[in-house]
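Enquirer: Residue numbers (the numbering used here): 6 to 533.
Every residue, glycine too, gets a C-beta built ideally from N, C-alpha and C.
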């Protein structure tokens with residue numbers, strides 16, 4: 006009977022091919038880092054093939070990261086049982102391909118951008134970088150240029166971009182200082198800054214703010230083994246994430262890029278350092294600019310020397326750009342349906358990607374393989390593509406289908422990753438530092454104005470004109486208006502009468518004054 010893992014030959018068993026499916030088809034671990042493709046129409050068994058590959062690589066000590074689009078892959082955390090609905094079918098298939106059916110669970114860590122179905126998985130804008138962020142926000146070339154300026158200035162001035170608030174604050178600062186920045190970095194349009202801010206607001210409303218923050222995910226926590234030496238399978242809950250396809254694609258691409266940048270060169274190891282599965286891979290490339298596709302191709306081409314095995318899962322091989330498809334050495338093609346002329350053309354193109362087998366027509370086989378069966382071509386010695394085979398994929402050892410909410414919560418609660426990632430951090434970063442700068446600048450400006458006014462003597466209260474100046478009386482106007490409205494004489498008229506009376510009294514006290522008064526009175530009477 007076959008064993009899934011054969012350390013002596015460095016292989017993992019994939020399934021049975023040939024006459025009565027009795028010929029073993031195995032994946033050479035030393036060529037697993039030449040990447041792979043799992044393709045096929047909906048309902049043809051792609052998810053089960055992905056599950057069995059994840060199990061086999063885990064048994065070989067290879068950590069795995071995969072996205073669980075439908076929730077089905079959470080069953081990896083529990084063992085399959087004889088009470089399962091498909092147990093009899095699995096037993097029959099195992100006997101047919103000569104495999105010992107060994108039900109078992111696997112070490113699984115659940116992750117979730119929203120932190121609901123797994124430990125929160127976060128990164129920072131600084132780690133993601135302006136290129137991927139611009140792709141995520143669908144920015145124009147001009148807006149991407151402004152984003153690059155914001156990142157450059159933040160780096161030069163020691164302003165850490167750790168979450169969306171930091172990036173938004175940095176863009177505000179760039180807009181306020183656009184004139185000065187334009188002299189050094191080129192034109193900075195405030196309209197472009199506004200467009201980026203609106204895109205960030207949309208991203209925030211879609212839950213993107215959950216992705217950015219600390220503690221950021223450390224790659225070492227994805228590349229772990231359990232106590233028995235099996236690779237940990239990291240399952241990203243992607244059912245909700247799929248509603249934001251750009252966020253999903255950008256996050257997975259960021260993770261792949263981080264692996265490429267951080268891992269050392271290892272050449273061709275005897276087994277991968279990590280295996281990475283892109284489910285719904287077409288989301289990576291739909292409407293993607295050429296610069297981003299070139300980035301994916303570069304990573305796929307070079308990351309194999311870092312010991313990383315990358316697998317793309319999609320309905321049709323044509324979903325993958327030709328340059329990237331050429332990097333995928335191990336292929337498992339489930340059934341394709343050819344109802345239209347376009348489908349028939351895609352079927353012929355898919356068949357041309359395989360090394361022909363004289364025993365059958367490849368295009369016909371791809372169209373006719375049953376559920377759980379695939380047309381496979383796995384790399385042989387010296388990396389030569391194997392002759393295409395009709396292969397019956399081995400049954401999974403873990404539970405087929407999703408966990409219950411209670412079972413998932415139990416796995417999450419037992420994970421050591423909770424203590425590190427479940428509680429968010431909010432360190433001092435760009436937002437706080439820029440706010441502090443603005444506050445200090447406002448205080449300095451106010452102090453400079455006060456000092457200048459003092460130097461100019463505008464507020465020297467010891468000056469005589471300030472001491473003798475009439476003080477402001479806020480009620481004086483009201484009293485004046487009240488006096489006028491009462492019909493009495495105004496305060497101004499009263500003051501004139503009093504002043505005249507006092508002057509007259511002083512004049513009567515003198516001879517000249519008395520003579521003046523007699524003269525005035527005499528004139529008045531004579532005139533009368």
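Do you know offhand how far residue 86's Cα is from residue 406's?
Expert: 12 angstroms
Enquirer: From residue 51 to residue 395, what distance separates their C-alpha atoms?
Expert: 15 angstroms
Enquirer: Please determine, among 212, 345 and 284, the residue with the shortest C-alpha to C-alpha distance to residue 324.
Expert: 284
Enquirer: For residue 285, does the three-state DSSP call read helix, strand or coil?
Expert: coil
Enquirer: Thinking just about the alpha-carbon of each residue, which of 215, 273, 202 and 45 is nearest to the one in residue 253?
Expert: 215
Enquirer: How big is the Cα-Cα spacing for residue 414 and residue 150?
Expert: 44 angstroms
Enquirer: Looking only at its chain, what residues have a beta carbon closer than 6 angstroms to the beta carbon of residue 211, apart from the 5 residues adjacent to it on each side?
Expert: 249
Enquirer: Using 9 angstroms as the threshold, is the C-beta distance between residue 165 and residue 131 below it?
Expert: Taking C-beta atoms as the reference points, residue 165 and residue 131 count as a pair closer than 9 angstroms.
Enquirer: Roughly how many angstroms lie between the CA atoms of residue 32 and residue 384, to the nearest whole one?
Expert: 7 angstroms
Enquirer: Whose C-alpha, out of 208, 122 and 84, is nearest the C-alpha of residue 141?
Expert: 208
Enquirer: Taking the runs of the beta strand (DSSP E) that are 3 residues or longer, which of them lie wholly in the segment 256-285?
Expert: 279-283
Enquirer: On the DSSP bridge assignment, give the partners of residue 358 in chain order.
Expert: Note: residue 358 sits in no beta bridge, so no partner.
Enquirer: Check whether the segment 36-49 and the segment 327-342 touch, using three or more Cβ-Cβ pairs below 8 angstroms as the test.
Expert: Yes, the segment 36-49 is in contact with the segment 327-342.
Enquirer: Take the Cβ of residue 154 as the centre, count every other Cβ of all protein chains shown within 10 Å, and call the residue buried at 16 or more, exposed below.
Expert: buried
Enquirer: When the Cα atoms are used, what is the spatial distance from residue 331 to residue 264?
Expert: 21 angstroms
Enquirer: With respect to the beta strand (DSSP E) encompassing residue 73, which residues constitute its N-terminal and C-terminal limits?
Expert: Counting along the chain, residue 73 sits inside the beta strand (DSSP E) bounded by residues 69-73.
Enquirer: So does the segment 52-62 actually touch the segment 344-356, counting three or more Cβ pairs closer than 8 angstroms?
Expert: Between the segment 52-62 and the segment 344-356, the count of C-beta pairs closer than 8 angstroms stays below three; the two stretches do not touch.
Enquirer: Between the C-alpha atoms of residue 201 and residue 179, what's the straight-line distance to the nearest angstrom?
Expert: 12 angstroms
Enquirer: Would you mind reading off the limits of the alpha helix (DSSP H) that contains residue 368?
Expert: It spans 367-373 - the alpha helix (DSSP H) in which residue 368 sits, taken as one unbroken run.
Enquirer: Taking the beta carbon of residue 187 as the centre, do at least 16 other beta carbons fall within 10 Å, making it buried, or is it exposed?
Expert: The residue in question, residue 187, is exposed, as its Cβ has fewer than 16 Cβ neighbours within 10 Å.
Enquirer: Buried or exposed: which applies to residue 68, given that a residue is buried once 16 or more other Cβ atoms fall within 10 Å of its Cβ?
Expert: With a threshold of 16 other beta carbon atoms within 10 Å, residue 68 meets it and is buried.
Enquirer: For residue 136, which of 244, 258 and 433 has the nearest alpha-carbon?
Expert: Considering only alpha carbons, the answer is 258.
Enquirer: Express the C-alpha separation of residue 400 and residue 99 in angstroms, rounding to a whole number.
Expert: Looking at the backbone, the Cα of residue 99 and that of residue 400 are separated by about 7 angstroms.
Enquirer: Which value, in whole angstroms, describes the spacing of the CA atoms of residue 420 and residue 232?
Expert: 14 angstroms
Enquirer: Output the distance between the C-alpha atoms of residue 311 and residue 123, rounded to the nearest integer angstrom.
Expert: 28 angstroms
Enquirer: For residue 230, does the three-state DSSP call read helix, strand or coil?
Expert: strand
Enquirer: What number of angstroms, rounded off, separates the C-alpha of residue 70 from the C-alpha of residue 230?
Expert: 13 angstroms
Enquirer: Three-state secondary structure (DSSP) at residue 348?
Expert: Of the three classes helix, strand and coil, the one that applies to residue 348 here is helix, per DSSP.
Enquirer: Nearest CA to the CA of residue 21: which residue from 387, 449, 380 and 454?
Expert: 380
Enquirer: Whole angstroms are fine: how far does the CA of residue 277 sit from the CA of residue 34?
Expert: 7 angstroms
Enquirer: So, helix, strand or coil for residue 197, using DSSP?
Expert: helix
Enquirer: Mapping the DSSP letters down to three states, classify residue 178 as helix, strand or coil.
Expert: helix
Enquirer: Check whether the segment 89-98 and the segment 300-318 are in contact - that is, three or more C-beta pairs closer than 8 angstroms.
Expert: no
Enquirer: Alpha carbon to alpha carbon, how far is residue 125 from residue 446?
Expert: 38 angstroms
Enquirer: Per DSSP, what kind of secondary structure is residue 308 in: helix, strand or coil?
Expert: helix
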